[in-house]
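**Student:**
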Amino acid sequence: MKTSRTTYVLIGLFFAGLLLLWGLEFTGVLTESQRRRRQDRILPALTDVVESGIQKVEIDRKGERLIFERRGRYGWQMRGAIDAAADANDLESLLQNLRALRRSADAGVIDAPAESYGLAPAEATLRLWTGGAQDGTSPKDPVAVLEIGKTAQNHRYVKTDDAGGIDVVDRRVLAAIDRPAAEWRDKMLAPLPTFQVTGLSIQRPGVTLKAERMSGGQWRLTEPVRLPADGSKIEAALAALAGLRIAGPSGSFAADDVKDFAPYGLDKPEATIELTSSADPSNPTVLMVGKSPADQPGRVYVRRGDQDDVALIDAKFLAEIPADRLGFRSQHIAEITPPAAYRVEIKAPGGPFELVRNPAGWNLTSPKPEKADRFLVESLLGQIDALQTSEYLDPAQMIDVGLDPPIMSIRVWEIELGGAKNRKAPADAPPAFELALGRHDILKKTIYARLPGDSYVLALPDTFMQVLPKNSYAFRDRTLPPAQPAGVAKLTFVLDGRTTVLEPDRASATPNQWRMIAPVKAPADVRAVTAVLAALSNLRADDFAADSAGDGVAFGLNAPLLDLSWEGEGPAGGLKVGKQVPGKPSTYYAVLSGYPPVFTLDAQALQPYFAEMHETLVQKFPLDDVRRLVLQWPDRTLVFARSSQPTGQPTDWSPEPGTSAQGIDLSRFNDLAIHLSQLHAVRFAQYEGPIPTDSGLAEPRLKIEIGFGAGKPPSVVRLGSPTRDGFVLATTGDGATGPVFLLPGPAWEALIEPGTEGSSAPLPADVFAPPDAR
Numbered sequence: 002m003k004t005s006r007t008t009y010v011l012i013g014l015f016f017a018g019l020l021l022l023w024g025l026e027f028t029g030v031l032t033e034s035q036r037r038r039r040q041d042r043i044l045p046a047l048t049d050v051v052e053s054g055i056q057k058v059e060i061d062r063k064g065e066r067l068i069f070e071r072r073g074r075y076g077w078q079m080r081g082a083i084d085a086a087a088d089a090n091d092l093e094s095l096l097q098n099l100r101a102l103r104r105s106a107d108a109g110v111i112d113a114p115a116e117s118y119g120l121a122p123a124e125a126t127l128r129l130w131t132g133g134a135q136d137g138t139s140p141k142d143p144v145a146v147l148e149i150g151k152t153a154q155n156h157r158y159v160k161t162d163d164a165g166g167i168d169v170v171d172r173r174v175l176a177a178i179d180r181p182a183a184e185w186r187d188k189m190l191a192p193l194p195t196f197q198v199t200g201l202s203i204q205r206p207g208v209t210l211k212a213e214r215m216s217g218g219q220w221r222l223t224e225p226v227r228l229p230a231d232g233s234k235i236e237a238a239l240a241a242l243a244g245l246r247i248a249g250p251s252g253s254f255a256a257d258d259v260k261d262f263a264p265y266g267l268d269k270p271e272a273t274i275e276l277t278s279s280a281d282p283s284n285p286t287v288l289m290v291g292k293s294p295a296d297q298p299g300r301v302y303v304r305r306g307d308q309d310d311v312a313l314i315d316a317k318f319l320a321e322i323p324a325d326r327l328g329f330r331s332q333h334i335a336e337i338t339p340p341a342a343y344r345v346e347i348k349a350p351g352g353p354f355e356l357v358r359n360p361a362g363w364n365l366t367s368p369k370p371e372k373a374d375r376f377l378v379e380s381l382l383g384q385i386d387a388l389q390t391s392e393y394l395d396p397a398q399m400i401d402v403g404l405d406p407p408i409m410s411i412r413v414w415e416i417e418l419g420g421a422k423n424r425k426a427p428a429d430a431p432p433a434f435e436l437a438l439g440r441h442d443i444l445k446k447t448i449y450a451r452l453p454g455d456s457y458v459l460a461l462p463d464t465f466m467q468v469l470p471k472n473s474y475a476f477r478d479r480t481l482p483p484a485q486p487a488g489v490a491k492l493t494f495v496l497d498g499r500t501t502v503l504e505p506d507r508a509s510a511t512p513n514q515w516r517m518i519a520p521v522k523a524p525a526d527v528r529a530v531t532a533v534l535a536a537l538s539n540l541r542a543d544d545f546a547a548d549s550a551g552d553g554v555a556f557g558l559n560a561p562l563l564d565l566s567w568e569g570e571g572p573a574g575g576l577k578v579g580k581q582v583p584g585k586p587s588t589y590y591a592v593l594s595g596y597p598p599v600f601t602l603d604a605q606a607l608q609p610y611f612a613e614m615h616e617t618l619v620q621k622f623p624l625d626d627v628r629r630l631v632l633q634w635p636d637r638t639l640v641f642a643r644s645s646q647p648t649g650q651p652t653d654w655s656p657e658p659g660t661s662a663q664g665i666d667l668s669r670f671n672d673l674a675i676h677l678s679q680l681h682a683v684r685f686a687q688y689e690g691p692i693p694t695d696s697g698l699a700e701p702r703l704k705i706e707i708g709f710g711a712g713k714p715p716s717v718v719r720l721g722s723p724t725r726d727g728f729v730l731a732t733t734g735d736g737a738t739g740p741v742f743l744l745p746g747p748a749w750e751a752l753i754e755p756g757t758e759g760s761s762a763p764l765p766a767d768v769f770a771p772p773d774a775r
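Numbered according to our numbering, the sequence shown spans residues 2 to 775.
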């Protein structure tokens with residue numbers, strides 16, 4: 002309890018001290034810190050007054066009085082001998098010098114007659130007003146008065162009422178006091194740093210242009226139409242305006258205190274330019290450009306909007322000031338921030354479409370409420386943000402651009418990023434971007450468009466059409482209804498006139514095994530079946546082509562390349578693949594049973610369905626059992642024996658009597674034996690039946706016989722004709738019936754054509770290369 006009471010007492014004393022300091026300041030009693038800052042100042046009243054607090058400066062000298070009044074935050078107006086804009090830099094420099102004016106430590110305060118130092122009367126008297134600022138003075142009373150006397154070498158004598166004597170200061174500090182009135186004039190017509198300019202407006206007969214600088218520094222046109230501006234052109238115009246200086250020989254004041262501006266063409270200016278500054282946004286700089294004198298066509302009359310004097314300057318700057326509505330336009334026509342977009346509306350055939358962003362992604366609310374494809378929506382927004390027109394076209398010179406009314410229109414709404422989470426935009430908020438789309442000119446690869454309120458027609462690249470809706474399924478999630486792999490109990494393929502039926506091999510002790518039951522009964526290729534099931538469980542359309550297939554003729558679905566169906570625990574399903582999409586040779590039309598739209602699939606997505614489903618292993622035997630290889634061509638036979646205890650070296654193999662080993666690389670025989678021991682087909686031309694005569698297998702180009710020990714009959718592989726797609730037809734055994742399969746052509750051709758006896762023709766390094774090594 003005692004501790005709490007002490008704490009309260011200390012807090013009370015602290016606030017009492019603050020109140021005491023505030024009271025002393027309010028009553029004008031200076032603190033010790035304030036006294037220390039003021040003790041060596043000649044004008045101590047200015048010590049705690051910022052330069053911007055001085056509202057009026059008066060210089061009274063030898064019967065001439067100059068009065069300077071602050072206009073806005075940084076501007077000054079001169080009254081008296083001349084009524085004109087004053088050079089703000091000169092005034093601000095003078096104020097800084099006066100605030101810093103210190104008493105000489107060596108001379109101190111001189112106690113002598115004022116007449117001896119030119120102070121009775123003074124050569125000049127300087128008065129400063131704050132206009133009722135923080136010092137509590139009346140606007141009628143100056144906050145500081147400084148009498149200025151004569152100059153002696155590098156010194157000048159000054160006097161204040163409260164100094165009690167005469168002070169000595171550096172004469173350079175007060176050199177500006179003696180300047181003629183004309184030298185105080187502001188010689189800059191647009192005295193603004195270009196980086197401070199945040200807004201630019203130009204009005205010429207029939208033309209109004211307005212632009213604003215965005216937070217990132219980029220420029221945007223706001224009138225006559227809202228679109229990105231060409232920043233380089235605007236910066237060039239600002240640089241030209243910032244360089245306008247009234248100084249010979251290119252510039253001069255033509256007249257002061259003008260009442261009638263008509264003789265200068267300034268009653269109806271040729272151009273009115275307004276610059277808004279971030280430093281003083283409520284006080285823009287306005288320049289009015291008039292006509293040129295008859296005898297000086299290269300110069301032009303200019304007036305600053307807040308002045309009644311007229312300048313005559315070089316007219317070169319007008320080359321950077323646009324004379325038409327296209328002057329500051331960029332080729333970019335949109336300025337959106339895709340992550341800030343929360344709503345998109347597209348009026349189009351098959352629509353209208355409305356897309357709304359939610360925390361989980363994008364949803365379609367029209368034409369049918371469902372999940373939207375996030376990638377497609379973001380692609381659309383990205384394409385809009387990057388849109389550029391190749392040119393701006395005069396509609397009077399265009400015929401039937403399809404914009405009255407437009408064929409399609411797009412509107413995008415944005416919400417401000419950052420700040421509070423889940424911030425919602427007002428329901429009646431205007432769109433951040435609008436665009437009307439017209440006719441597609443196929444020959445020019447152009448789609449015509451127009452921005453709201455704009456009179457020009459845009460020529461956009463027709464690649465933009467790739468992200469625009471083509472049917473009522475546009476923007477819908479392209480994930481297709483999947484099949485459940487675990488529930489599939491039967492797969493049926495109809496391909497190239499052959500029907501293949503697959504079922505799980507329930508008799509196998511190994512899980513996830515499949516067997517072919519048609520057109521032959523045989524083991525299935527487990528990897529191929531697994532790839533098909535995986536593809537069916539993750540179906541995704543490349544695009545939607547139509548709302549329905551109709552009779553299917555237009556898409557080749559009446560006679561499909563592939564007709565795949567499945568049965569099982571879940572609903573039965575089917576996938577039909579039709580013809581290639583025109584202009585996209587690697588893309589095909591397709592439909593799913595029970596799902597109306599026609600969609601497209603690329604060749605890579607279809608690859609698993611066209612793979613060989615039959616087990617591709619056509620022969621297998623223990624490698625260690627191989628004892629003999631016989632290579633027989635129509636005109637030549639080579640026989641090689643293997644040692645009974647192979648070491649994996651070339652010495653394992655040797656030619657049998659009657660076989661020449663000249664030109665034969667025996668180091669390749671081990672690889673050949675390895676591949677023959679597990680021979681895989683790329684695919685089958687037939688599974689069984691008589692071997693066609695055109696296969697070239699009745700009289701093979703090469704026959705390989707693999708001999709084994711212990712009375713085991715040899716294994717035979719025959720190689721026949723090549724196919725058009727780069728394979729070699731082959732079979733096993735010596736019979737006239739049986740399977741015909743395909744092997745990779747390039748490697749086998751090198752073995753089939755070894756050259757004549759005595760030539761040097763090494764065996765290929767990898768004869769039985771897998772299909773992906775082709």
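From the three backbone atoms N, C-alpha and C, an ideal C-beta is built for every residue, glycine too.
The model shown is predicted, which means the values in this text are computed figures rather than measured ones.
1. By alpha-carbon positions, which one of Asn98, Lys160 and Ala248 ends up nearest to alanine 121?
2. Just the Cα atoms here: how many angstroms apart are lysine 317 and tryptophan 363?
3. DSSP beta-bridge partners for methionine 289?
4. Taking the straight line between their C-alpha atoms, what separation do you get for alanine 471 and aspartate 564?
5. Leaving out the 5 sequence neighbours to the left and right, which residues in its chain are closer than 7 Å to threonine 7 when beta-carbon positions are compared?
6. Which one or two residues does DSSP pair with proline 723 in a beta bridge?
7. Starting from glycine 252, trace the alpha helix (DSSP H) in both directions and tell me its first and last residue.
8. Classify serine 538 as buried or exposed, calling it buried when 16 or more other Cβ atoms lie within 10 Å of its own Cβ.
9. Going by DSSP in three states, asparagine 90 sits in which element: helix, strand or coil?
10. Given a threshold of 16 other Cβ atoms within 10 Å of its Cβ, counted over all protein chains shown, does methionine 517 qualify as buried or as exposed?
11. So does the segment 296-309 actually touch the segment 250-262, counting three or more Cβ pairs closer than 8 Å?
12. Leaving aside the five residues before and after lysine 704 along the sequence, list all residues of the same chain whose C-beta is less than 7 Å from its C-beta, in chain order.
13. Using three-state DSSP, classify asparagine 559 as helix, strand or coil.
14. Suppose contacts are defined by Cβ-Cβ distances below 8 Å. Is valine 438 in contact with methionine 409 by that definition?
15. So what does DSSP say about asparagine 98, is it helix, strand or coil?
16. What number of angstroms, rounded off, separates the C-alpha of isoleucine 347 from the C-alpha of proline 353?
17. At what residues does the alpha helix (DSSP H) containing asparagine 671 begin and finish?
18. With a CB to CB cut of under 8 Å and the five nearest residues on each side skipped, what residues in its chain are close to alanine 182?
19. Between the segment 450-465 and the segment 389-396, do three or more beta carbon pairs fall short of 8 Å?
20. Less than 8 Å between the beta carbons of glycine 488 and glycine 383, yes or no?
21. Do glycine 575 and proline 561 come within 8 Å of each other at the CB atom, strictly closer than that value?
22. Can you give me the start and stop residues for the beta strand (DSSP E) that phenylalanine 376 sits inside?
23. Candidates Ala280, Ser216, Leu96 and Ala484: which alpha carbon is nearest alanine 573's?
24. Using DSSP with H/G/I as helix, E/B as strand and the rest coil, what is serine 233?
25. Within this structure, are the beta carbons of glutamate 504 and alanine 523 separated by less than 8 Å?
26. Quick one: is alanine 535 buried, meaning 16 or more other Cβ sit within 10 Å of its Cβ, or exposed?
27. Could you spell out where the alpha helix (DSSP H) holding glutamine 605 opens and where it closes?
28. Per DSSP, what are the beta-bridge partners of valine 741 in this structure?
29. Where does tryptophan 532 sit, in a helix, a strand or coil, going by DSSP?
30. Could you tell me the boundaries of the alpha helix (DSSP H) in which proline 294 lies?
31. Nearest-angstrom Cα distance between asparagine 513 and glycine 746?
32. Could you check if aspartate 163 is buried or exposed, using at least 16 other CB atoms within 10 Å of its CB as the buried criterion?
33. Closest to phenylalanine 728 by C-alpha separation, out of Ala711, Gly710 and Trp749, would be which residue?
34. For the beta strand (DSSP E) that tryptophan 515 lies in, which residues bound it at each end?
35. Here's the rule: buried if 16 or more other CB atoms are within 10 angstroms of the residue's CB, otherwise exposed. What is glutamine 687?
36. Would you call the CB atoms of threonine 195 and alanine 243 closer than 8 Å?
**Tutor:** The short version:
1. In the sequence shown, residue 121 corresponds to position 120, counting from 1. If you compare the alpha carbons of Asn98, Lys160 and Ala248 with that of alanine 121, the shortest gap goes to Lys160.
2. Here residue 317 refers to the residue found at position 316 of the sequence shown. Here residue 363 refers to the residue found at position 362 of the sequence shown. Cα-Cα distance, rounded: 53 Å.
3. Numbered from its first residue, the sequence shown carries residue 289 at position 288. According to DSSP, which records beta bridges pairwise, methionine 289 is partnered with Thr273 and Arg304.
4. Your numbering for residue 471 matches position 470 in the sequence shown. Your numbering for residue 564 matches position 563 in the sequence shown. Residue 471 is actually lysine in this sequence, not alanine. So the alpha carbons of these two residues sit roughly 26 Å apart.
5. As a first step, residue 7 must be located in the sequence shown, where it is residue number 6. The beta carbon of threonine 7 lies closer than 7 Å to none in the same chain, with the five residues before and after it left out.
6. Indexing the sequence shown from 1 puts residue 723 at position 722. Val729.
7. Position 251 of the sequence shown holds residue 252. Note, glycine 252: premise wrong, no alpha helix (DSSP H); beta strand (DSSP E) at 252-256.
8. Counting from 1 along the sequence shown, the entry for residue 538 is found at position 537. Label assigned to serine 538: exposed.
9. As a first step, residue 90 is located in the sequence shown; it is residue number 89 there, counting from the start. Helix, per DSSP.
10. The residue labelled residue 517 in the question sits at position 516 within the sequence shown. The residue is buried, with at least 16 neighbouring Cβ atoms inside 10 Å.
11. yes
12. As a position in the sequence shown, residue 704 is number 703, starting the count at 1. If we look at lysine 704 and ignore the five residues flanking it on each side, its Cβ neighbours are Gln633, Val717 and Arg719.
13. Looking up residue 559 in the sequence shown gives position 558. Of the three classes helix, strand and coil, the one that applies to asparagine 559 here is coil, per DSSP.
14. On the sequence shown, position 437 is the one that residue 438 refers to. On the sequence shown, position 408 is the one that residue 409 refers to. For clarity, residue 438 is leucine in the given sequence; the question names valine instead. Yes, they are a contact pair.
15. The residue given as residue 98 occupies position 97 in the sequence shown. DSSP places asparagine 98 in helix when its eight states are reduced to three.
16. Taking the sequence shown and counting its residues from 1, one reaches residue 347 at position 346. Taking the sequence shown and counting its residues from 1, one reaches residue 353 at position 352. Approximately 6 Å between the Cα atoms of the pair.
17. Counting from one through the sequence shown, the residue named residue 671 turns up at place 670. Following the DSSP letters along the chain, one finds asparagine 671 inside the alpha helix (DSSP H) bounded by residues 670-678.
18. Here residue 182 refers to the residue found at position 181 when the sequence shown is read from its first residue. If we look at alanine 182 and ignore the five residues flanking it on each side, its Cβ neighbours are Glu65, Leu67, Met79, Gly81, Ala82 and Ile83.
19. yes
20. If you number the sequence shown from 1, residue 488 lands on position 487. If you number the sequence shown from 1, residue 383 lands on position 382. Taking C-beta atoms as the reference points, glycine 488 and glycine 383 fail to come closer than 8 Å.
21. Along the sequence shown, read from residue 1 onward, the residue named residue 561 stands at position 560. Along the sequence shown, read from residue 1 onward, the residue named residue 575 stands at position 574. Not closer than 8 Å, so no.
22. Along the sequence shown, one-based indexing puts residue 376 at 375. Element bounds for phenylalanine 376: not the beta strand (DSSP E) but the alpha helix (DSSP H), 375-386.
23. Here the question's residue 573 lines up with position 572 in the sequence shown. Comparing Cα-Cα distances from alanine 573 to each of Ala280, Ser216, Leu96 and Ala484, the minimum goes to Ala484.
24. As a first step, residue 233 is located in the sequence shown; it is residue number 232 there, counting from the start. If DSSP states are grouped into helix, strand and coil, serine 233 belongs with the helices.
25. As a first step, residue 504 is located in the sequence shown; it is residue number 503 there, counting from the start. As a first step, residue 523 is located in the sequence shown; it is residue number 522 there, counting from the start. It is not a contact, given that the beta carbons lie outside the stated cut-off.
26. As a position in the sequence shown, residue 535 is number 534, starting the count at 1. Exposed is the call here.
27. The residue you call residue 605 lines up with position 604 of the sequence shown. Start and end: 604-607.
28. Residue 741 sits at position 740 when you count from the first residue of the sequence shown. Gln687.
29. Translated into the one-based positions of the sequence shown, residue 532 becomes position 531. For the record, residue 532 in the displayed sequence is alanine; it is not tryptophan. DSSP places alanine 532 in helix when its eight states are reduced to three.
30. By 1-based counting over the sequence shown, the position of residue 294 is 293. Looking at the DSSP string, proline 294 is not in any alpha helix (DSSP H), and its letter there is neither H nor E.
31. Locating residue 513 in the sequence shown gives position 512, where the first residue counts as 1. Locating residue 746 in the sequence shown gives position 745, where the first residue counts as 1. Going by the C-alpha atoms only, they are around 32 Å apart.
32. Residue mapping note: residue 163 aligns to position 162 of the sequence shown, counting from 1. Its Cβ having fewer than 16 others within 10 Å, aspartate 163 is exposed.
33. Within the sequence shown, numbered from 1, the residue matching residue 728 stands at position 727. Between phenylalanine 728 and the set Ala711, Gly710 and Trp749, the nearest pair of CA atoms involves Trp749.
34. Working through the sequence shown from its first residue, we reach residue 515 at position 514. That run of the beta strand (DSSP E) goes 515-519.
35. The count along the sequence shown starts at 1 and reaches residue 687 at position 686. By the 10 Å Cβ count, glutamine 687 comes out buried.
36. Here residue 195 corresponds to residue number 194 of the sequence shown, with the count starting at 1. Here residue 243 corresponds to residue number 242 of the sequence shown, with the count starting at 1. In contact: threonine 195 and alanine 243 (Cβ atoms closer than 8 Å).
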